[in-house]
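Asker: Before I ask anything, let me first share the structure, which is written out below as structure tokens.
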Amino acid sequence: RPVMPSLPRPGTFARQNSEMREKLCPLEPDPEERRAISADRKAATAYIRKPLSPHVPHPLSMSPTPHAPDVIETDHTLISDPQQSHPPAQTRQGPNDDEEDIELAPFPTMAHIDAQLDQEELSEALDDLQIQAELEAKWILNLSMHFRDNSDREKFFITYADEPNKWRRVTISCDYRDEPADSLEADLKGLHYQRDKSARIYESIRDSLESIQFYPTVTNLKLQTSDGRLHVHVTEDVNEKIQYPQVSLLRHLECPRIKESDIEFDSHLSGFVYKIRTGNRVLIKKEIPGPEAVEEFLYEVNALSNLRGASNVVHFEGLVVDDDEQLIKGLLIGFCEQGALVDVLYDYKDSEWLPWSRREQWAKQIVKGLSDIHEAGFVQGDFTLSNIVIDREDTARIIDINRRGCPVGWEPPELAELIRSGQRISIYIGVKSDLYQLGMVLWALAEQQDEPERQEPPLKLSNPSEIPAYYRQLVGSCLSTDPRKRQSAKELFAMFP
1 RPVMPSLPRP GTFARQNSEM REKLCPLEPD PEERRAISAD RKAATAYIRK PLSPHVPHPL
61 SMSPTPHAPD VIETDHTLIS DPQQSHPPAQ TRQGPNDDEE DIELAPFPTM AHIDAQLDQE
121 ELSEALDDLQ IQAELEAKWI LNLSMHFRDN SDREKFFITY ADEPNKWRRV TISCDYRDEP
181 ADSLEADLKG LHYQRDKSAR IYESIRDSLE SIQFYPTVTN LKLQTSDGRL HVHVTEDVNE
241 KIQYPQVSLL RHLECPRIKE SDIEFDSHLS GFVYKIRTGN RVLIKKEIPG PEAVEEFLYE
301 VNALSNLRGA SNVVHFEGLV VDDDEQLIKG LLIGFCEQGA LVDVLYDYKD SEWLPWSRRE
361 QWAKQIVKGL SDIHEAGFVQ GDFTLSNIVI DREDTARIID INRRGCPVGW EPPELAELIR
421 SGQRISIYIG VKSDLYQLGM VLWALAEQQD EPERQEPPLK LSNPSEIPAY YRQLVGSCLS
481 TDPRKRQSAK ELFAMFP
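Rendered as structure tokens:
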């Protein structure tokens, strides 16, 4: 379909008002989509998980079938010059009085037609691979949201990395109400997965991106089909402009500060979290997700800085600043090669790579990490299996210390009524809610379950013969319905042999 990008123009007050954050609700990927994303991420960052002891063999390969970037890297000549595989076109001379001088093209044989079809299919396949590679490296879906009024609209939050060290924040507004037949909106409405929708959007506007004048802050692209044309209305998304903290606000931390232009994108992990390279180091970059998250971000930076000596908390590596070194744009933490505990449990449930001894060791490290966080005066706030990672040395480390709140299914019983009545629970997040979530983590390790939040409470250990009595006591203490009976993480750590 023809695409018509507009020149940048101010957004209307009505649109700004309708797309305010409080009127939007995040769309979380369902388990099936999350698993697919996880598999793609592991294909992009293959590694070998080191076993806890030499008696525990590790898998021969941690990576599924290579996806597009791997294929392109191993056969780059196909991508860079597909025309080389096409035969030269047959030529025919112009009209001539002497028929014998006319060079007739040979009548196409079935083999020739098949060869042409093969070349067309190859070209299409190469185009698909190229687009897939760009979706991994250039067009990153950070977040998608729908509207709380249940209107048939969506908003996508995108990082557009047109160069590896030049990232733009983009939002995409789509309205599916009264969508024309055979339109992009109709296509999107028929898709189930959010990343498929993002890919479809990118395919539609990919060739027009160079002609769009992006704002230095956040650019909103409203996509609208009319008269058979896809119109791209370009405005500044004032609802998503972030007031980045001044560098002077955290000067007391005395930590490395890395300019944005010195950071090169490697791969997307989740949300606004990326694997990056700076110099010869591989690190994780966490950005401020939105204008409402600045205080959470500062809380996490101060917590990680205070916990630099904690062996079971992710390493704080520094701050990301703008090129003028005036504004803080993100933070850097260590890269843990084995990934999130939720994926480890899913991938190797009931296998020889997850013996009780290994899971017990992780449990001890996790309790120690949470104890260090609490003893330093902080709370984790979102203590799930996704926020525990395993490094190259098989050590469990806690990430994401920001008091964001409880995901659905992870809330302690004392908060259930508050949630049902629609109250904001972030101010109730504290040590006791952390401890309840710790109980869910410990239960998941014992049961080798990657989704404890989908189990009907109260959680019970199904195979007590394998689980030591002290561990059952740990889980019971944490999952007590009375928060006053939940022992501190420091006391729980002392119970390990």
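Take UniProt numbering: the final residue in the sequence shown is number 497, and no numbers are missing along the way. For each residue, glycine too, the CB sits at the ideal point set by N, CA and C. Model, not experiment: these values are computed from the prediction.
Who are the Cβ neighbours of T384 in its own chain at under 7 Å, not counting the five residues just before and after it?
Answerer: Excluding positions up to five away in sequence, the list reads P407, W410, Q437.
Asker: I'd like the list of long-range same chain contacts for H233, defined as Cβ closer than 6 Å, with 5 residues on each side in sequence excluded.
Answerer: Excluding sequence neighbours, H233 sits near S6, K222.
Asker: Does the distance from the CB of S173 to the CB of N239 come in under 8 Å?
Answerer: Cβ atoms of S173 and N239: not closer than 8 Å.
Asker: Is it the case that the segment 354-371 contacts the segment 321-334, given that we only count it when at least three CB pairs across the two stretches are under 8 Å?
Answerer: Judged by Cβ distances under 8 Å, the segment 321-334 makes no contact with the segment 354-371, as fewer than three pairs qualify.
Asker: My output table needs one value for C336: the three-state DSSP class, helix, strand or coil.
Answerer: If DSSP states are grouped into helix, strand and coil, C336 belongs with coil.
Asker: Helix, strand or coil: which one does DSSP assign to C478?
Answerer: DSSP places C478 in helix when its eight states are reduced to three.
Asker: Look at the Cβ atom of A489, then the Cβ atom of S371, and state whether they are nearer than 8 Å.
Answerer: In contact: A489 and S371 (Cβ atoms closer than 8 Å).
Asker: Check each candidate in H231, K155, S18, D207 and name the one with the smallest Cα separation from R195.
Answerer: With distances taken between Cα atoms, R195 lies closest to K155.
Asker: Spell out the partners DSSP gives R168 in its beta bridges.
Answerer: Bridge partners of R168: Y160.
Asker: Can the beta-carbon of R200 be found closer than 8 Å to that of L209?
Answerer: Not closer than 8 Å, so no.
Asker: By Cβ distance below 8 Å, which residues in the same chain neighbour V71 in space, the five residues on each side in sequence not counted?
Answerer: The predicted position of V71 is uncertain, since its pLDDT is 30 and thus under 50; a value taken from the coordinates is nonetheless stated next. L129, listed in sequence order.
Asker: Taking the alpha carbon of T159 as the reference point, which residue from D152, R153, R168 has its own alpha carbon closest?
Answerer: It is R168.
Asker: On the DSSP bridge list, what partners appear for S226?
Answerer: Per DSSP, R229.
Asker: Since V367 and L492 are thought to touch, with beta carbons under 8 Å apart, how far apart are those beta carbons, to the nearest angstrom?
Answerer: With a Cβ gap of about 5 Å, V367 and L492 count as contacting.
Asker: So Q448 and L319 are in contact, right, with Cβ under 8 Å, and what is the actual spacing, rounded?
Answerer: That pair is no contact at about 38 Å.
Asker: Under the assumption that V282 contacts F335 (Cβ atoms under 8 Å), give the Cβ distance between them as a whole number of angstroms.
Answerer: That pair is a contact at about 5 Å.
Asker: At which residue ranges does the segment 418-491 contain complete alpha helix (DSSP H) runs of 4 or more residues, listed in the order of the chain?
Answerer: Correct list: 431-447, 469-478.
Asker: For F147, name the three-state secondary structure that DSSP assigns.
Answerer: In this structure, F147 counts as strand in the three-state DSSP scheme.
Asker: Taking the alpha carbon of G228 as the reference point, which residue from E32, I284, E179, E337 has its own alpha carbon closest?
Answerer: The shortest Cα separation from G228 among E32, I284, E179, E337 belongs to E179.
Asker: Quick check on S462: buried or exposed, where buried means 16 or more other Cβ atoms within 10 Å of its Cβ?
Answerer: Flag for S462 reads exposed.
Asker: To the nearest whole angstrom, what separates the beta carbons of Q365 and T395, a pair I think is in contact under 8 Å?
Answerer: Contact flag correct, Cβ pair sits at about 6 Å.
Asker: Determine the closest residue to I288 out of I242, I399, S267, T278, with distance taken between C-alpha atoms.
Answerer: Of the candidates I242, I399, S267, T278, the one whose C-alpha sits nearest the C-alpha of I288 is I242.
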